[in-house]
Structures are given as structure tokens and as C-alpha cells.
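*Asks:* The structure follows.
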Amino acid sequence: MNNKVLYSLLAIIVLVAGAATGVILVQQNQTNAPKATVPDGIATIQLDPATKLDLSVGDTFSVDIPFTTSGIAISGATVKLEYQYDSSSSQPPIAVTDVVPNTSLVNDHQWRYTTTDYSASNGTATISIIAIDTSIDGYTASGDTNLATINFIVRSAGTVALSFDLTETKITAKSTGDDLLAPPANPAGTYSSTSTSNDDNVTPTPT
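This is the structure we're talking about:
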């Protein structure tokens with residue numbers, strides 16, 4: 003066998019070995035990467051109340067965000083909620099006045115809320131919450147724990163349907179960093195006002 007043939011065979015062997023190694027590394031990275039919201043997740047999250055259909059303009063109401071960890075220690079939770087409204091309107095008919103962290107988690111369980119934001123623009127309203135458990139052991143709960151309370155005000159007649167963003171909403175395991183959250187039901191909350199009186203006189207409470 004001449005040298006050219008030998009070098010060609012060696013080059014082919016190196017290429018095949020490199021490709022095989024690359025496939026293995028990709029598979030390992032996919033296995034080790036934190037998982038997104040998963041169908042077989044054991045943690046849950048929802049809105050409470052999930053419906054409120056008898057609202058009038060000027061009404062204020064609150065919605066809690068209870069979650070469970072099914073007894074598994076977690077390092078925190080991330081929530082992104084969205085709802086749509088008429089993009090020709092400057093603001094949605096039902097607006098958020100503020101997002102209030104659960105002070106019990108902060109004072110008694112070493113949680114830190116890094117984000118409690120609300121924005122509304124171009125027909126989409128977004129609520130974002132990021133909360134981190136800073137304790138060594140993480141947070142464990144078998145029953146419902148309220149993550150935060152969203153306060154709303156009704157500014158005009160209309161209906162809004164809040165949905166969890168299934169990519170951004172997560173409950174993270176303390177030990178592995180994986181997402182434990184089973185996909186929540188969407189829409190998670192539907193809220194409606196039929197009264198149109200005093201539409202122009204109602205504005206959100208400054209925060």
C-alpha cells in the first residue's frame with residue numbers, strides 16, 4: 003500500500019472518529035442541560051381566582067399565583083404571563099397596578115424577588131416575576147404557596163385572558179437546576195367587565 007492511500011485512510015478514520023465524538027458530546031449536553039417545562043413535571047402553578055366575569059369599570063381585584071413543589075426542594079421560580087388587548091388602544095381594558103411579592107417567603111424563607119414587572123405595549127401586556135430562594139437547603143412545600151399577588155384595575159369594558167409563557171415559566175430544582183414544572187393550563191385566568199360607565203375617568207394607580 004503506497005503512502006497516499008495510507009494517508010487517505012488515516013484521514014477518513016480521523017474524520018469519522020471526530021464526527022462520532024461530536025455526536026456523543028451533543029447528546030451529553032442535551033442530557034445535562036436544564037429542562038424546560040416538561041409534560042411529566044411534578045410542580046404546579048396556577049392563578050386564583052381563575053375567572054372573574056362580573057366586573058365593572060373602576061373595580062379593583064387581586065389574583066394570587068399559588069404553586070406547589072410536591073415535596074421537592076427548589077431554588078426559585080420564574081413566571082411570565084401575557085395577555086392580548088386591542089392594539090389600537092393605548093392601554094388594556096384591565097390593567098395591572100402592581101405585583102406584590104409574598105412577604106412570608108421573603109421574611110421567613112430567605113426568598114429574594116429580583117423582578118416584579120408589568121408592561122403593556124402594542125396590544126400585549128406582560129407580567130414578569132423572578133424569585134430566588136437563597137437558603138442552603140432550598141424551599142419545599144407539599145401544599146399551595148402563593149408566589150405573588152397581582153393587583154388589577156378595570157378601566158373599560160372588555161375581557162382579558164392571561165396565559166403562562168411555557169418557555170419562560172419555570173420552577174427550578176435545588177439539586178439539579180432542572181425545571182420541575184408541569185405545563186400549566188392556558189388560559190390560566192379570564193377576567194371580564196361589561197360596564198362601560200366612566201371609562202375616561204379611570205386610570206391605573208401610580209406605582
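Note that my numbering gives residue 69 to position 67 of the sequence shown, counting from 1, and the numbers run on in steps of one.
The beta carbon of each residue, even a glycine, is placed where N, CA and C say it ideally should be.
#1: Could you check what DSSP says for Asp-181 in three-state terms: helix, strand or coil?
#2: Quick one: what does DSSP say Ile-26 is sitting in, helix, strand or coil?
#3: Buried or exposed: which applies to Leu-107, given that a residue is buried once 16 or more other Cβ atoms fall within 10 Å of its Cβ?
#4: Once you ignore the five residues that flank Ile-134 on each side, which residues in its own chain have a CB closer than 6 Å to its CB?
#5: Would you mind reading off the limits of the alpha helix (DSSP H) that contains Leu-49?
#6: Any chance you could list the alpha helix (DSSP H) runs of at least 4 consecutive residues sitting entirely within the segment 74-146, in chain order?
#7: Out of Gln-86, Thr-71, Pro-94, Ile-152, point me to the one whose CA is closest to Ala-159's CA.
#8: Tell me whether Lys-1 sits in a helix, a strand or coil according to DSSP, three-state version.
#9: Report, in whole angstroms, the separation of the C-beta atoms of Ala-75 and Gly-140, which I expect to be a contact under 8 Å.
#10: Along the chain, where does the beta strand (DSSP E) that runs through Thr-161 open and close?
#11: Could you tell me the alpha carbon to alpha carbon distance between Ala-59 and Arg-157, rounded to whole angstroms?
#12: According to DSSP, is Ser-64 helix, strand or coil?
#13: Please state whether the Cβ-Cβ distance between Pro-210 and Leu-168 is less than 8 Å.
*Replies:* This is what the structure holds:
#1: strand
#2: Confidence at Ile-26 is low in this model, with a pLDDT of 41, below 50, so its placement is unreliable and no value can be given for it.
#3: buried
#4: Only Gly-78, Arg-114 meet the Cβ criterion.
#5: Run containing Leu-49: none; DSSP gives neither H nor E here.
#6: Entirely contained in the segment 74-146, the alpha helix (DSSP H) runs reaching 4 residues are, in chain order, 105-111.
#7: Pro-94
#8: No statement about residue 1 is possible, as the shown extent of the chain runs from 3 to 209 and does not include it.
#9: 3 Å
#10: Taken as a continuous stretch (DSSP letters only), the beta strand (DSSP E) holding Thr-161 covers 160-166.
#11: Note on identity: in this sequence residue 59 is Val, with Ala being the wrong assignment. Cα to Cα, the separation comes out at about 5 Å.
#12: strand
#13: The structure shown has nothing for residue 210, since the chain only spans 3 to 209.
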